[in-house]
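Structure first, commentary second.
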Amino acid sequence: MNRKLFVKETLLILFSSFLSATGIYLFKFPNHFTTGGVTGLGVVLNHIWPTYSQAMYTNIMNIGITVIGLILLGKSFGIKTLIYTGFFTIMIALYDRFLPLTAPLTNQPFMELILAVLVPAIGGAIMFDIGGSTGGTDVIAMLLKKYGRIYNTSTALLLADIFIGALAFVVFDVQTGLFSVFGLLVRSVLTESVLTGLNQRKYFHIITEHSQLVKDYITNELKRSATLFEGEGAFTGDKRTLVLTVVSPRQAIDLRNFVRKNSPESFLLITNTSEIFGRGFKPN
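Structure below.
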């Protein structure tokens with residue numbers, strides 16, 4: 001990995017960790033939302049044994065899991081996960097020390113639930129986008145896969161998260177339990193949606209008689225590349241050129257308008273895509 005990419009990814013990891021810690025500490029902990037994971041278990045343990053704060057329980061478990069992961073997984077544990085977990089632990093400890101919360105910030109639990117789920121979901125999506133993980137139960141999944149011969153770890157962890165979320169019904173009350181289970185369901189959808197949004201690009205199929213004009217605009221104005229194929233219309237038998245290219249959503253508007261203005265007879269097909277590998281996008 002080159003230096004520039006390493007610095008960029010490190011900054012993204014720190015930002016991701018900051019978002020997750022902020023959303024969890026400010027909105028999840030005060031409302032006792034047990035939306036799965038190590039932090040959800042920390043909320044439950046604090047209520048049963050209030051010797052330590054929710055933040056302290058979370059950090060103790062995170063540190064323990066991280067140490068075990070480093071010992072048993074070695075290099076496969078990943079430097080990105082280590083950086084994320086370390087900074088997350090520091091942020092949670094700082095919040096607990098300098099911003100102790102004994103009650104929710106507002107009297108709007110549903111709004112705080114949305115923030116408790118949305119903010120960490122954005123942080124998690126950023127980590128997944130750069131090929132890292134958020135530690136905690138993700139590390140447990142890696143251990144189960146390597147040593148427990150449990151290959152469908154995603155299902156096992158989902159069941160564990162549901163169990164932790166459902167504990168709110170027993171430990172707290174029905175309202176908190178309903179919020180927690182609902183938040184758990186929303187979290188899984190949000191993470192995928194945010195991840196897709198971060199990577200979304202527009203895939204163009206342009207069938208045109210003015211391929212040189214379109215190609216020049218793509219390469220010179222949009223600074224993108226394209227692939228050209230010579231083709232023939234099945235009905236008319238006329239010769240046409242198929243231009244394939246992938247651009248950002250903002251560039252897609254410019255390219256669409258250019259083609260419609262300068263080659264109005266062109267056949268234009270635009271589709272959404274979020275998994276693109278190669279030069280100019282994600283490395284293979």
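Sequence positions in the sequence shown follow this note's numbering and run 1 to 284.
We treat Cβ as the ideally placed atom computed from N, Cα and C, and that holds for glycine.
These numbers were taken from a predicted model, which means no experiment stands behind them.
Excluding its 5 nearest sequence neighbours in each direction, I92 has C-beta neighbours in its own chain below 7 Å: A21, Y25, A55, T58, N59, listed in chain order. Beta bridge pairing from DSSP links R201 with T273. In terms of Cβ geometry, V119 and L19 form a close pair [threshold 8 Å]. For the pair G40 and I126, the CB atoms are not nearer than the 8 Å cut-off. Beta-bridge partners assigned by DSSP to E230: T241. DSSP, reduced to helix, strand and coil, places T106 outside both helices and strands of the structure shown, so it counts as coil.
The closest CA to that of L5, considering only S16, V181, L184, I130, is found on I130. For the pair L222 and L213, the Cα-to-Cα distance works out to about 13 Å. The beta carbon of S16 lies closer than 6 Å to those of G123, I126, M127 in the same chain, with the five residues before and after it left out. For I130, the secondary structure class from DSSP, reduced to helix, strand or coil, is coil. In the pairwise beta carbon analysis, the region 59 to 72 is classified as touching the region 85 to 101: at least three pairs are separated by under 8 Å. With a beta-carbon spacing of about 6 Å, E230 and T241 fall inside the 8 Å limit used to define contacts.
When only Cα atoms are considered, N46 and E112 end up about 20 Å apart.
Beta-bridge pairing by DSSP links I206 to V243, L268.
Annotation: F33 to T176 spans about 6 Å, alpha carbon to alpha carbon. 8 Å or more divides the Cβ of T271 from the Cβ of Y217.
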